[in-house]
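> Residue numbers (the working numbering): 2 to 423.
All C-beta atoms, glycine included, are put in the ideal place defined by N, C-alpha and C.
Just so we're clear, the structure is a prediction, and the values are computed from it rather than from any experiment.
Sharing a structure here in structure tokens format.
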Ligand code: GDP
Ligand code: IMO
Ligand code: MG
């Protein structure tokens, strides 16, 4: 009776959607525990590419139940469109998607506040997805937020008007509100909340613990990545939720001793969207090769992702924070374009080589120290072929450094492009 967890160990986009979709057949329930439409989880269903933002990546397994947990923030307007896209693929989720009454609502004015906050920061902007994530979590923590369950209370309209008025008061200090068509945004959002009211709203914490007691197998799906965690990421260039395993407890109502396997996902290299420190970033031809070969453009915003070699000190840190029991490495195929591959094993800062991240990573430049490996240039991955020897050497070195077994490799974007390591 355990809840397994799957989460990203880097700055997001590690391939969580694809792996959850693959693992989902072993589970009865997939539950999202934090984040919101800032997430973009890509998977392929019947050969069609689908990008999910709020909806758990288990929806394409017909037997599976899905929960959007209390730790998630929901934009009713974009949620309705996302739901429709899933329905358009021919999948019926009307009796399989449950939403926690305690999940918080992103209001139209939260999105404008997000834009205002970014504009005010100027060159120090976070590079947020502008989905209203930060301001919504601020209202949650500030005890002003509106929750999904409030939608069914007679006090909702009054509470909405009050919070909107507060936001408009703040926005008076900025000239940004004029650039947003609030009435149009509200009209779309109102259609969204009407739709939300018609869905299966539950007390997610009871719902999940009851299912667990009945012996149901549950997988918690993370969004973003550990280096974007509000406490442990590269603050302030982070998102506004706890993306690490601890977030499963608060974001779903699961007691710590009920956490089982923790699958940590990493790309075979590194990417980051938005601003902030990225020690192994390559602003050169190699970085561009990674971007092109990996199709590294944001699934939510389409922005080019910053690219670099794998960062082992950062991974070791994320593994420590999450209690990772199994590592899954994705996008191995992308490295097939290189003759030689590098892995950062240490950082050089304050005149010393270190394997730990400095507190002020956002101010203090650290120089990556690399170990290089012979590549497996032009290898084409097929289901039956043995792994190239140079790849095996690379994987063994990474697993030895990190102290956690690599149990699954992803060698292409499609569902079946996986190699289980025995
Ligand atoms: P997520 O946010 O962690 O779910 O990841 P994204 O969907 O934002 O980004 C991962 C991207 O890599 C998507 O375009 C996937 O289709 C793609 N992808 C996932 N695994 C692999 C892989 O092993 N190889 C390649 N080439 N692409 C992959
Ligand atoms: P998935 O789940 C990559 C980044 C943004 C920005 C910072 C804060 O697809 O891995 P926010 O909108 O959350 O206030 O933005 O976090 N970011 C992501 N980067 N993948 C994501 O999600 C992300 N969600 C947020 O680019 O730098
Ligand atoms: Mg993504």
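Using a threshold of 8 Å, state whether the C-beta atoms of residue 43 and residue 52 are closer than that.
Yes, the pair counts as a contact, with Cβ atoms nearer than the cut-off.
> Compare the beta carbon distance of residue 106 and residue 147 with 8 Å and say whether it is the shorter of the two.
Yes, these two residues count as a Cβ contact at 8 Å.
> Within the same chain, show all residues whose beta-carbon is closer than 6 Å to that of residue 374, passing over the 5 residues directly before and after it, in chain order.
Same-chain partners within the cutoff: 342 and 395.
> Ignore the nearest five residues each way along the sequence and tell me which others in residue 363's own chain have a CB closer than 8 Å to its CB.
Cβ within range, chain order: 235, 236, 237, 238, 277 and 278.
> Nearest-angstrom Cα distance between residue 121 and residue 135?
So the two alpha carbons sit approximately 14 Å from each other.
> Along the chain, which unbroken stretches of the beta strand (DSSP E) at least 3 residues long are found entirely within the region 244 to 292?
Listed in chain order, they are 260 to 268 and 271 to 273.
> Would the beta-carbon of residue 229 be found less than 7 Å away from any heavy atom of the ligand IMO?
Checking the Cβ of residue 229 against the ligand IMO gives yes.
> Compare the C-alpha of residue 420 against each of 45, 23, 59 and 338 and name the closest.
Nearest option by C-alpha distance: 23.
> Look up residue 305 in the DSSP assignment and give the residues it is bridged to.
Residue 305 pairs with 298.
> Which residues neighbour the ligand MG when neighbourhood means a C-beta less than 5 Å away from any of its non-hydrogen atoms? List them by chain order.
Checking every Cβ against the heavy atoms of the ligand MG under 5 Å gives 14, 41 and 300.
> Of all the alpha helix (DSSP H) runs that stay within the bounds of the region 157 to 198, which reach a length of 4 or more residues?
Listed in chain order, the complete alpha helix (DSSP H) runs (minimum 4 residues) inside the region 157 to 198 are 157 to 172 and 183 to 198.
> Using the Cα positions of residue 320 and residue 406, report the straight-line distance between them to the nearest angstrom.
Roughly 11 Å between the two C-alpha positions.
> With respect to 7 Å, is the separation between the Cβ of residue 242 and the closest non-hydrogen atom of the ligand GDP below this value?
Not under cutoff, so the answer is no.
> Of the choices 144, 102 and 397, whose alpha-carbon is the least far from that of residue 344?
Answer by Cα proximity: 397.
> How big is the Cα-Cα spacing for residue 103 and residue 161?
The straight-line gap from Cα to Cα measures roughly 16 Å.
> Using only the alpha-carbon positions, how far apart do residue 166 and residue 60 sit?
Straight-line Cα distance between these residues: approximately 37 Å.
> For the alpha helix (DSSP H) containing residue 368, list its first residue and its last residue.
Where residue 368 is concerned, there is no enclosing alpha helix (DSSP H), although the beta strand (DSSP E) it sits in stretches over 368 to 375.
> Just grab the DSSP bridge partners of residue 45 for me.
The partner list for residue 45 (beta bridge, DSSP) reads 50.
> Going by DSSP, what residue range makes up the alpha helix (DSSP H) through residue 135?
First-last of the alpha helix (DSSP H) with residue 135: 134 to 142.
> For residue 365 and residue 314, which I take to be in contact (beta-carbon distance under 8 Å), what is that distance rounded to the nearest angstrom?
Contact flag wrong, Cβ pair sits at about 14 Å.
> Apart from the five residues just before and just after residue 190, which ones in its own chain have a Cβ nearer than 6 Å to its Cβ?
Result list for residue 190: 77, 78 and 109, in chain order.
> Is it the case that the Cβ atoms of residue 28 and residue 304 are separated by a distance below 8 Å?
Going by C-beta atoms, residue 28 is not nearer than 8 Å to residue 304.
> Leaving aside the five residues before and after residue 292 along the sequence, list all residues of the same chain whose C-beta is less than 7 Å from its C-beta, in chain order.
Same-chain partners within the cutoff: 305, 306 and 308.
> Under a three-way DSSP split, which group does residue 417 fall into?
Residue state, collapsed to three classes: coil.
> Using only alpha-carbon positions, find the residue among 216, 63, 12 and 7 that is nearest to residue 129.
The candidate whose alpha carbon is nearest that of residue 129 is 12.
> Taking all protein chains shown into account, decide if residue 138 is buried (16 or more other Cβ within 10 angstroms of its Cβ) or exposed.
Classification for residue 138: buried.
> Determine the closest residue to residue 348 out of 338, 329 and 371, with distance taken between C-alpha atoms.
Closest option to residue 348, Cα to Cα, is 371.
> Assign residue 238 to one of three DSSP states: helix, strand, or coil.
In the structure shown, residue 238 sits in coil (DSSP, three-state: anything other than H, G, I, E or B).
> Considering only their Cβ atoms, is the gap separating residue 270 from residue 346 smaller than 8 Å?
Not a contact, by the Cβ cut-off of 8 Å.
> Using three-state DSSP, classify residue 19 as helix, strand or coil.
Reduced to three states, the DSSP call for residue 19 is helix.
> With a 10 Å radius around its C-beta and 16 neighbouring C-beta atoms as the bar for buried, classify residue 423 as buried or exposed.
Residue 423 is exposed by the Cβ-count criterion.
> Assuming the contact rule is C-beta atoms closer than 8 Å, residue 114 and residue 150 should be a hit. Round their C-beta distance to whole Å, please.
That belief does not hold up - the Cβ atoms of residue 114 and residue 150 are roughly 23 Å apart, past 8 Å.
> At a cut-off of 7 Å, would you count residue 413 as near the ligand GDP, judging by its Cβ distance to the nearest heavy atom?
Residue 413 Cβ: within cutoff of the ligand GDP.
> Excluding sequence positions up to five away, which residues of its chain have a Cβ less than 8 Å from the Cβ of residue 172?
Counting only Cβ-Cβ distances below 8 Å, and skipping sequence neighbours, we find 110, 113, 114, 117 and 178.
> Work out the CA separation of residue 369 and residue 96 for me, nearest whole Å.
Cα to Cα, residue 96 sits roughly 50 Å from residue 369.
> Report yes or no: do three or more beta-carbon pairs, one from the region 286 to 300 and one from the region 224 to 233, lie closer than 8 Å?
The region 286 to 300 vs the region 224 to 233: no contact.
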